[in-house]
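To start, the structure under review is shown below, and the notes come after it.
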Amino acid sequence: MASSTSVTWTALLTAWARARETRRPDALFADPLAHRFLTAYAGEFGADDDGGLPDLGPLSEHHSSPLWDYAIFGITMRTAVLDAAVRRSGQPQIVVLGAGLDTRPYRLGWSSEVTVFEVDRAVTLDFKAAVLSGAEPGCRRVPVVAELGVDDLPQLLKTAGFDAGRPTLWLAEAVLFYLTAARADALLDDVGALSAPGSGLLAETLQRPYREDDLPVGQLTEADAAMWRGLVAAFAGGPEVTDPAAWLTARGWAPGEITDQVAAGRAYGRPAPAFYEHVRDWIIEGHRA
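Position in the sequence shown (from 1) plus 52 gives the number in my numbering.
Structure representation (structure tokens):
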């Protein structure tokens with residue numbers, strides 16, 4: 053099996069946050085398979101599986117800080133908002149860009165008439181396949197190995213059976229800000245060129261790139277501060293979006309529902325951490341007529 057050490061730490065962090073939310077009595081969504089990834093991770097490092105969530109580096113159920121409050125809240129809100137948007141979408145073909153350890157093909161009740169293309173690096177898809185061995189998605193799931201912003205995504209999708217003549221739902225969750233602005237624009241150009249009438253786009257974008265001083269670094273432990281600096285460095289920036297409706301329109305998408313982490317938290321009765329006062333993290337929906 054591919055090792056969890058070859059999977060990005062942020063993919064494991066997302067699984068951790070989703071597993072944590074699933075355990076809450078007031079959970080906004082259920083991701084019963086997320087814990088499997090953490091069990092596999094913990095097993096590789098000889099950690100005891102006591103039924104709780106294993107520590108993920110400096111992240112622990114028993115430790116809270118501004119860093120983890122920000123990260124867990126953001127992952128939880130975007131998952132809940134995007135789950136609702138995906139459920140009402142209705143397209144027969146879905147492409148998940150930078151799929152990571154996402155388990156929507158297994159948990160959202162898609163029928164066998166729906167085809168989901170999961171795009172990510174080989175090491176991530178291999179680890180995911182091994183951990184989820186025995187679990188059956190309701191839809192047709194097709195892994196597509198690609199480095200976003202580098203490889204020829206249109207050709208790889210078509211080789212995998214993607215039909216550009218069918219309406220497609222594109223899901224770009226926590227992807228665009230890992231790419232440079234130029235690569236993000238090129239990816240979105242490819243998405244637009246492959247989108248038949250009736251297609252939809254769900255994306256997470258930032259008002260601006262994160263900065264180190266967006267969090268009170270002086271209040272963080274040394275390990276948390278180092279982790280935050282690493283995350284800031286990892287986010288290449290992607291598009292800077294101050295007006296999501298105009299941004300969508302300029303790319304040929306009719307704006308649909310637009311929210312951000314603060315508004316989502318308010319809607320779900322979960323107050324947003326102070327971090328989100330500094331930079332807006334948009335969750336946006338577009339439609340192709």
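Yeah, the Cβ is synthetic: ideal placement off N, Cα and C, and Gly gets one too.
With DSSP as the reference, label residue i as helix, strand or coil.
{"i": "Q143", "result": "coil"}
{"i": "W280", "result": "helix"}
{"i": "L254", "result": "strand"}
{"i": "G126", "result": "helix"}
{"i": "A63", "result": "helix"}
{"i": "H339", "result": "strand"}
{"i": "A286", "result": "helix"}
{"i": "R76", "result": "coil"}
{"i": "F89", "result": "helix"}
{"i": "L108", "result": "strand"}
{"i": "A99", "result": "Its pLDDT being 47, under 50, A99 is placed unreliably by the model, and the measurement read from it follows with that caveat. Residue state, collapsed to three classes: coil."}
{"i": "M53", "result": "Its pLDDT being 49, under 50, M53 is placed unreliably by the model, and the measurement read from it follows with that caveat. Coil at M53, not helix or strand."}
Once the 5 residues before and after residue i are set aside, which same chain residues still bring their CB inside 8 Å of it?
{"i": "S164", "result": "G190, C191 and R192"}
{"i": "A248", "result": "A216, G217, R218, P219, T220 and R340"}
{"i": "P144", "result": "E165, V166, T167, R218 and P219"}
{"i": "P110", "result": "T273, A275, D276 and M279"}
{"i": "K320", "result": "Checking the displayed sequence, the identity of residue 320 turns out to be Tyr instead of Lys. Correct list, in chain order: L80, M129 and A132."}
Could you tell me how far apart the beta carbons of residue i and residue j are, in whole angstroms, since I believe they sit closer than 8 Å?
{"i": "A86", "j": "A67", "result": "5 Å"}
{"i": "D312", "j": "D333", "result": "6 Å"}
{"i": "D242", "j": "L205", "result": "5 Å"}
{"i": "G317", "j": "F125", "result": "7 Å"}
{"i": "L239", "j": "G201", "result": "6 Å"}
{"i": "A224", "j": "L149", "result": "5 Å"}
{"i": "P350", "j": "F287", "result": "For residue 350 there is no data in the structure shown, the boundaries of the chain being 53 and 341."}
{"i": "L65", "j": "L108", "result": "6 Å"}
Any Cβ of chain C within less than 9 Å of the Cβ of residue i?
{"i": "L246", "result": "Among the chains in the structure shown there is no chain C, since it carries only a single protein chain."}
Ignore the nearest five residues each way along the sequence and tell me which others in residue i's own chain have a CB closer than 6 Å to its CB.
{"i": "P195", "result": "E170 and L177"}
{"i": "A137", "result": "L254 and E337"}
{"i": "S141", "result": "L221 and G252"}
{"i": "E73", "result": "A79 and T128"}
{"i": "A226", "result": "E256"}
{"i": "I146", "result": "V168 and L221"}
{"i": "F229", "result": "L258, F287 and G290"}
{"i": "A343", "result": "With the chain covering only 53 through 341, there is no way to say anything about residue 343."}
{"i": "G122", "result": "According to the sequence shown, residue 122 is Tyr rather than Gly. Contacts found: P325 and F327."}
{"i": "W299", "result": "V293"}
{"i": "V183", "result": "R88, F89 and A92"}
{"i": "V284", "result": "Y262 and E264"}
{"i": "W61", "result": "none"}
{"i": "R139", "result": "none"}
Tell me which same chain residues have a C-beta within less than 7 Å of the C-beta of residue i, skipping the five on either side of it?
{"i": "P157", "result": "V168, P189, C191 and R193"}
{"i": "P106", "result": "L90, Y93, A94 and A99"}
{"i": "L119", "result": "L267, L272, D276, M279 and W280"}
{"i": "T301", "result": "P307"}
{"i": "E113", "result": "G104 and L105"}
{"i": "W305", "result": "L253, G338, H339 and R340"}
{"i": "A297", "result": "P307 and I310"}
{"i": "T155", "result": "D83, L85 and A86"}
{"i": "A71", "result": "D83, A86, H87, L90 and L105"}
{"i": "A151", "result": "E170, V171 and D172"}
{"i": "R235", "result": "G201"}
{"i": "P323", "result": "G317"}
{"i": "L231", "result": "L200, G201, L239, A288 and G290"}
{"i": "R303", "result": "L240 and G244"}
{"i": "V314", "result": "A324 and Y328"}
Determine, using beta-carbon pairs with one atom in the stretch 155-163 and one in the stretch 266-274, whether at least three such pairs fall under 8 Å.
With a cut-off of 8 Å, the stretch 266-274 and the stretch 155-163 do not count as touching, because too few Cβ pairs lie within range.
Measuring CB atoms only, is the stretch 253-263 touching the stretch 169-185, in the sense that at least three cross pairs come out at less than 8 Å?
No contact exists between the stretch 253-263 and the stretch 169-185.
Whole alpha helix (DSSP H) elements within the stretch 198-260, 4-residue minimum:
Those alpha helix (DSSP H) runs which fall completely within the stretch 198-260 and span 4+ residues are 205-211 and 233-245.
Could you give the uninterrupted runs of the beta strand (DSSP E) lying entirely in the stretch 293-341, keeping only those of 3 residues or more?
Entirely contained in the stretch 293-341, the beta strand (DSSP E) runs reaching 3 residues are, in chain order, 306-312 and 333-339.
Assess contact between the stretch 318-335 and the stretch 274-281, defined as three or more Cβ pairs (one per stretch) separated by less than 8 Å. Is contact present?
Short answer: they don't touch.
Enumerated in chain order, which unbroken segments of the beta strand (DSSP E) with a length of 3 residues or greater are wholly contained in the stretch 140-196?
Runs of the beta strand (DSSP E) inside the stretch 140-196: 145-149 and 167-172.
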